[in-house]
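In mature numbering (1 follows the signal peptide of the UniProt record, and there is no 0), the protein residues as written are -24 to -1, 1 to 164.
Glycine included, C-beta positions come from ideal geometry on N, C-alpha and C.
Notes follow once the structure below has been shown.
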Amino acid sequence: MAAKGVMWSLLSVLLMAAVVAVSAATTHEVGGSAGWSIPANSTIYPNWAATQTFLVGDSLHFTFTTGAHDVLEVSKSNYDSCTNSNPINSQTTGPATLTLSTTGAHYYICGFPSHCSVGQKLSVNVLPSTTPSTTPSLAGVPTSAPPPSSGSGSGSGSGGSSSASSSTLPSFGLSVVFAAAAAAPLLF
C-alpha cells in the first residue's frame, strides 16, 4: 500500500516538472527598450535578433502605438521588397504579441509607408522547442523483465514489458512522465 503512495508521489513530481518545462516559453520584447518603431539605422532589428534564441512556443512582443505602426508577417520576397500586400498575419493594434508556432524563418515588417524601407523589419529563425521528449535515466532500474537465464530451459520467454507509443501521447513531451510512471512499479 505504501509503495502505491510513493508511486503516485513520483508521478505527481514528474508531472509538475513536465508542466514547468512546457510553460518555460520566452517572450521576446522586439527591439528591446526601443520597441517596434522607426529605427535610427537599418541594423537595429537584425542586431537585436542575433542576440536572441527563438524556439517554438516563444512569443514576440511588439510594442508600438496603434495608428503609428503595425506588424505584418510576410513572405521572404515581401520582406526583401518591403511589400505589404497579402500578409500572412496582420496586427494593427499595439502592443501585439505573436506566438511562434512553427520552425524556420519568419518575416515581419511595418506596413506603414517607408517604415520597412528604413529598417523597421525583422527576420527570425525559429528552432524546435527544447522540451524533453526522452525518458529520464533511471540507472540500475530495468525497463522490462530480464530475459530467461540460459540454464532455465527453452521456453518462449514472454518479457512482459509494455510501452506507450509516443505517437499517441501529447506532443509537448509528457511521454517522459508516462514512461517514468511505467517504470516506477519496478522500483518497489
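- Counted as a single uninterrupted DSSP element, the beta strand (DSSP E) harbouring residue 81 occupies residues 80 to 85.
- Checking the DSSP bridge columns, you'll see residue 97 partnered with 85.
- Excluding sequence positions up to five before and after residue 6, its CB lies within less than 7 angstroms of the CB of 12, 36, 37, 38 and 98, all in the same chain and listed in chain order.
- For residue 104, same chain residues with a beta-carbon under 8 angstroms away, outside a window of 5 residues either side, are 31, 32 and 79 in chain order.
- Around the Cβ of residue 56, a 10 Å sphere holds fewer than 16 other Cβ atoms; the residue is exposed.
- DSSP, read as helix, strand or coil, puts residue 72 in strand.
- Using a 10 angstroms sphere on the CB of residue 22, the tally of other CB atoms stays under 16, which defines it as exposed.
- Bounds of the beta strand (DSSP E) holding residue 35 are 35 to 38.
- In the structure shown, residue 54 falls within a helical segment according to DSSP collapsed to helix, strand and coil.
- In this structure, the straight-line span from the alpha carbon of residue 65 to that of residue 73 is close to 12 angstroms.
- Note that the C-beta distance between residue 34 and residue 1 is below 8 angstroms.
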